[in-house]
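Below you'll find the structure, written out as structure tokens, and then a few comments.
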Amino acid sequence: MTYERKKTMFKKLYKTFLIMMLILTSLIPVASVMADTASDNQPNFSVSIVKNPHQIGKLGYFDLSGLAPGQSTTLELIVGNLGSDSITFDVSANNAATNSNLIIDYSGTLVAEQKLTGIHFADLAKVVHPTITLAAHSQTTVQVVVTMPPVKFDGQIVGGIYLKKHETTAQQNSSGIKNTFSYVNSVILRQGNQKLVAAPKLSSASYAVKDTLPYVIGHVKNEIQAYANEAKVTHRILDSEGKVIKSMTETLRAFAPKSETDTSLTLDHLLAPGKYYYVMKVVAHGTTTESKQPFMVNATDAAVAGVSMINSMLWLIISLILLFLLIILFLLWFLLWKRRKKEDEDEDEDEDGTVRADHESHPRRKKK
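In our numbering, the protein residues as written are 570 to 937.
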């Protein structure tokens with residue numbers, strides 16, 4: 570093979586290598602990450618509560634009892650700025666909601682869709698100053714006025730005082746992952762019968778496949794004006810004959826009063842058409858609540874789920890094949906490059922040897 574032919578082949582392999590690299594990288598999703606500055610990588614503020622006259626015990630959160638219907642009280646938090654720059658917070662009084670992980674969430678993002686008809690904290694609380702700014706190494710008092718419902722109720726109302734670092738319009742509109750520090754202080758308002766026990770139950774169930782994973786979705790409701798924490802939750806999926814297809818137990822779960830949410834259980838394989846059951850057992854505060862909801866997997870659902878999984882697996886297989894070809898091309902390119910380098914070195918040695926031999930065969934004549 571002549572030098573020019575080897576050079577042409579080398580260029581073709583190199584171009585193919587670059588094209589395969591571009592194709593492969595186009596199949597890999599790219600995550601956009603936006604983080605705060607180094608000084609924002611850890612909270613630089615402190616929060617402590619001011620004990621309320623109706624407070625039960627010495628707790629780090631508000632647990633109030635003894636308030637009469639229509640009575641008001643002011644909840645106070647002392648917020649300190651530990652940093653050398655000023656800091657601004659948005660303050661809100663949010664309802665407690667149960668999120669999809671079966672944990673109580675106070676961020677306020679779930680409340681609109683996940684509260685049942687009843688008494689809720691955000692309807693009773695008013696933040697005196699929704700936005701506060703603290704100078705460096707200073708502190709201020711956050712005040713929230715709570716007014717009890719005009720009619721006595723039984724159970725607990727749960728919410729939270731939520732502090733979040735203020736974001737500019739540009740930061741709110743930006744995409745990607747942001748390190749935003751926030752703080753929440755729980756508030757429990759008690760009145761009447763405290764023996765009410767939360768009763769989270771399944772109200773419906775359905776089957777779906779997403780990102781190659783088959784799972785069962787259960788809609789959970791706690792219709793009682795009482796919360797549950799440190800709950801043990803056992804999920805089971807049964808076939809029509811009662812055989813357990815999937816079982817999972819979670820601990821330290823929590824349910825907000827008068828709340829609802831969707832939760833899901835990932836399965837190990839696709840389900841064949843037929844009738845199934847989602848069973849959920851919740852053990853909390855010495856009480857067990859068990860609920861059971863049927864769901865159907867028809868032929869269409871099974872086919873759509875199968876196609877969805879096949880499509881996802883197909884892209885995965887294609888990506889792996891391209892990666893394998895990329896590795897092969899790289900190895901070929903490397904071997905050819907190494908071989909070419911060795912041949913060039915051999916040619917240089919041959920040329921040096923020829924020149925040296927020619928020099929030795931024609932010695933200079935000595936001048937007379």
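All C-beta atoms in this analysis are idealised placements derived from N, C-alpha and C, irrespective of residue type, glycine included.
Inter-residue CB distance, Phe631 and Gln624 (contact presumed, cutoff 8 Å): Stepping through the sequence shown from its first residue, residue 631 is reached at position 62. Stepping through the sequence shown from its first residue, residue 624 is reached at position 55. Going by Cβ atoms, the distance from Phe631 to Gln624 rounds to 7 Å, so yes, they are a contact pair.
From the DSSP secondary-structure annotation, give me the bridge partner or partners of Phe824. On the sequence shown, residue 824 is found 255 positions in, with the first residue counted as 1. For Phe824, which the question treats as bridged, DSSP gives the partners Ala797.
What residue range does the beta strand (DSSP E) around Val727 cover? Here residue 727 refers to the residue found at position 158 when the sequence shown is read from its first residue. Element bounds for Val727: 724-734.
Can you give me the C-alpha to C-alpha distance between Ile890 and Phe899, rounded to a whole angstrom? In the sequence shown, counting from the first residue as 1, residue 890 sits at position 321. In the sequence shown, counting from the first residue as 1, residue 899 sits at position 330. The straight-line gap from Cα to Cα measures roughly 14 Å.
Start-to-end residues for the beta strand (DSSP E) that takes in Val785: As a working mapping, residue 785 is identified with position 216 in the sequence shown. Val785 -> beta strand (DSSP E) spans 782-791.
So for Gly750, helix, strand or coil by DSSP? Residue 750 sits at position 181 when you count from the first residue of the sequence shown. Per the sequence presented here, residue 750 reads as Phe, with Gly not at that position. In this structure, Phe750 counts as coil in the three-state DSSP scheme.
Helix, strand or coil for Val852, going by three-state DSSP, please let me know. Taking the first residue of the sequence shown as position 1, residue 852 is located at position 283. Of the three classes helix, strand and coil, the one that applies to Val852 here is strand, per DSSP.
Cα-Cα separation between Tyr910 and Val785, rounded to whole angstroms: Taking the first residue of the sequence shown as 1, we reach residue 910 at position 341. Taking the first residue of the sequence shown as 1, we reach residue 785 at position 216. The question names Tyr, but residue 910 in the sequence shown is Lys. Between Lys910 and Val785, the C-alpha separation is close to 60 Å.
Just to confirm before moving on: does the CB-CB distance between Leu834 and Ala795 stay below 8 Å? For this step, residue 834 is matched to residue 265 along the sequence shown. For this step, residue 795 is matched to residue 226 along the sequence shown. No, the Cβ-Cβ distance between Leu834 and Ala795 is not below 8 Å.
Below 8 Å, can you find three or more Cβ-Cβ pairs linking the region 770-777 to the region 717-734? no
Neighbour-count burial assignment, Met603, 16 or more Cβ in a 10 Å radius: Residue mapping note: residue 603 aligns to position 34 of the sequence shown, counting from 1. A caution first: Met603 carries a pLDDT of 34, below 50, which makes its placement in the model too unreliable to give a value.
Given Val561 as reference, the closest of Ala777, Ile672, Ile887 once Cα atoms are compared: Given that the chain is displayed from residue 570 to residue 937, the structure contains no residue 561 and the question cannot be resolved.
Looking only at DSSP bridge pairs, what is Gln708 linked to? What you label residue 708 is simply residue 139 of the sequence shown in a count that begins at 1. Gln708 pairs with Gly649.
Closest by CA to His689, which one among Asn762, Glu792, Asn613, Pro612? Numbered from its first residue, the sequence shown carries residue 689 at position 120. Residue Glu792 is the option with its Cα nearest to His689.
CA-CA distance, Ala662 and Met849? Locating residue 662 in the sequence shown gives position 93, where the first residue counts as 1. Locating residue 849 in the sequence shown gives position 280, where the first residue counts as 1. Between Ala662 and Met849, the C-alpha separation is close to 32 Å.
Report yes if the CB atom of Asp723 is closer than 8 Å to the CB atom of Asn664, and no otherwise. What you label residue 723 is simply residue 154 of the sequence shown in a count that begins at 1. What you label residue 664 is simply residue 95 of the sequence shown in a count that begins at 1. No, Cβ-Cβ distance for Asp723 and Asn664 is not below 8 Å.
Cutoff 6 Å; reference Asp674; Cβ partners in own chain excluding five residues on either side: The sequence position of residue 674 within the sequence shown is 105, counting from 1. If we look at Asp674 and ignore the five residues flanking it on each side, its Cβ neighbours are Ala666, Asn668.
Leu771 lies in the beta strand (DSSP E); which residues open and close that run? As a first step, residue 771 must be located in the sequence shown, where it is residue number 202. Unbroken beta strand (DSSP E) run through Leu771: 770-779.
Ile806 bridges to which residues according to DSSP? Position 237 of the sequence shown holds residue 806. In the DSSP output, where bridge partners are listed per residue, Ile806 has Lys815, Tyr847.
Of the residues Asn798, Ile647, Met717, Ser676, the one placed nearest Phe750, counting alpha carbons only: On the sequence shown, position 181 is the one that residue 750 refers to. Here the closest residue by C-alpha is Ser676.
By how many angstroms is the C-alpha of Leu628 removed from the C-alpha of Phe658? The count along the sequence shown starts at 1 and reaches residue 658 at position 89. The count along the sequence shown starts at 1 and reaches residue 628 at position 59. So the alpha carbons of these two residues sit roughly 24 Å apart.
What's the C-alpha gap between Thr700 and Thr710? Counting from one through the sequence shown, the residue named residue 700 turns up at place 131. Counting from one through the sequence shown, the residue named residue 710 turns up at place 141. If you take the alpha carbons of Thr700 and Thr710, they lie about 12 Å apart.
If you follow the beta strand (DSSP E) that Gly700 is part of, which residue opens it and which one closes it? Here residue 700 refers to the residue found at position 131 when the sequence shown is read from its first residue. Note that residue 700 is Thr in the sequence shown here, rather than Gly. Per DSSP, Thr700 belongs to the beta strand (DSSP E) from 700-703.
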